[in-house]
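Q: Right, I'll just put the structure down here and ask away after.
Residue numbers (my numbering): 17 to 170.
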């Protein structure tokens, strides 16, 4: 009887793993600079924007304080209890005021099933963040890469 319970448990776990929805990118991916009407951003300021902010398409990004760039996309098959997303931002080397070099920033984000669109973006809010060179954005769920985009900041 003990063996039967373990077998039923094992089969249940296998079936639930097979039926779990796989999160995937659905439809087109927008990438580039998020357009802002606020021309003179000061260090430390963040501009509050609307959810459907226009994106000027492209992979070449101006090295300017206040520039927000990245991706907007839709994910299909997401549920609240799925593994969270990992947003990986590889930088050309951001050096913070404390002298530390940051070649990457990692953000973990829970899935929001009600959200029709998701965003992965970086905004230059401090002068030390405005670093020319290649910026490489990658989106993962566990070890599965869902999305990738390279930008050249000039």
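Positions of the beta carbon are idealized from the N, C-alpha and C atoms, including for glycine.
Buried or exposed: residue 132, going by 16 or more other Cβ atoms within 10 Å of its Cβ?
A: Start at 1 with the first residue of the chain shown, and residue 132 comes out as number 116. Its Cβ having fewer than 16 others within 10 Å, residue 132 is exposed.
Q: Go through its chain and collect everything with a Cβ distance to residue 50's Cβ below 6 Å, but skip five positions before and after it.
A: Here residue 50 refers to the residue found at position 34 when the chain shown is read from its first residue. Excluding positions up to five away in sequence, the list reads 69, 71, 84.
Q: Span of the beta strand (DSSP E) holding residue 88?
A: Counted from its first residue, the chain shown places residue 88 at position 72. Element bounds for residue 88: 84 to 92.
Q: Return the CA-CA distance between residue 141 and residue 43, expressed in angstroms with no decimal places.
A: Here the question's residue 141 lines up with position 125 in the chain shown. Here the question's residue 43 lines up with position 27 in the chain shown. Whole-angstrom Cα-Cα distance: 30 Å.
Q: Reducing DSSP to helix, strand and coil, say where residue 139 ends up.
A: Locating residue 139 in the chain shown gives position 123, counting from the first residue. Here residue 139 carries a strand assignment [DSSP, helix/strand/coil].
Q: Residue 124: which of 118, 137, 100 sits nearest, CA to CA?
A: In the chain shown, the residue the question calls residue 124 occupies position 108. Of the candidates 118, 137, 100, the one whose C-alpha sits nearest the C-alpha of residue 124 is 100.
Q: From this set, 38, 52, 92, 76, which residue's C-alpha is nearest residue 130's C-alpha?
A: Stepping through the chain shown from its first residue, residue 130 is reached at position 114. Answer by Cα proximity: 92.
Q: Taking buried to mean at least 16 other C-beta atoms within 10 Å of its own C-beta, is residue 88 buried or exposed?
A: Counting from one through the chain shown, the residue named residue 88 turns up at place 72. Residue 88 comes out buried.
Q: Assuming residue 77 and residue 169 form a contact by the criterion Cβ under 8 Å, report the distance between their Cβ atoms to the nearest whole angstrom.
A: Position 61 of the chain shown, counted from the first residue, corresponds to residue 77. Position 153 of the chain shown, counted from the first residue, corresponds to residue 169. Their Cβ separation, rounded to whole angstroms, is 5 Å, which keeps residue 77 and residue 169 in contact under 8 Å.
Q: Excluding the five sequence neighbours on either side, which residues of its own chain have a C-beta within less than 6 Å of the C-beta of residue 23, listed in chain order?
A: Translated into the one-based positions of the chain shown, residue 23 becomes position 7. Since pLDDT at residue 23 reaches only 49, below the 50 mark, its modelled position is unreliable, and no value is offered.
Q: Can you find the residues in the same chain that come closer than 8 Å, C-beta to C-beta, to residue 122, ignoring five residues on each side of it along the sequence?
A: As a first step, residue 122 must be located in the chain shown, where it is residue number 106. Taken in chain order, the residues that qualify are 102, 103, 104, 105.
Q: How would you write the range of the beta strand (DSSP E) that residue 166 sits in, first residue to last?
A: In the chain shown, residue 166 corresponds to position 150, counting from 1. Run containing residue 166: 160 to 169, per the beta strand (DSSP E) assignment.
Q: Does the distance from the C-beta atom of residue 111 to that of residue 144 stay below 8 Å?
A: As a working note, residue 111 is residue 95 in the chain shown. As a working note, residue 144 is residue 128 in the chain shown. Against a cut-off of 8 Å, the Cβ pair of residue 144 and residue 111 comes out as a contact.
Q: In this structure, does DSSP put residue 145 in helix, strand or coil?
A: Your numbering for residue 145 matches position 129 in the chain shown. In the structure shown, residue 145 sits in a helix (DSSP, three-state: H, G or I).
Q: Taking the alpha-carbon positions, what's the residue 79 to residue 149 distance?
A: Looking up residue 79 in the chain shown gives position 63. Looking up residue 149 in the chain shown gives position 133. Cα to Cα, residue 79 sits roughly 9 Å from residue 149.
Q: Taking Cβ positions, are residue 127 and residue 98 nearer each other than 8 Å?
A: Reading the chain shown from its first residue, position 111 is the one you call residue 127. Reading the chain shown from its first residue, position 82 is the one you call residue 98. Yes, the Cβ-Cβ distance between residue 127 and residue 98 is below 8 Å.
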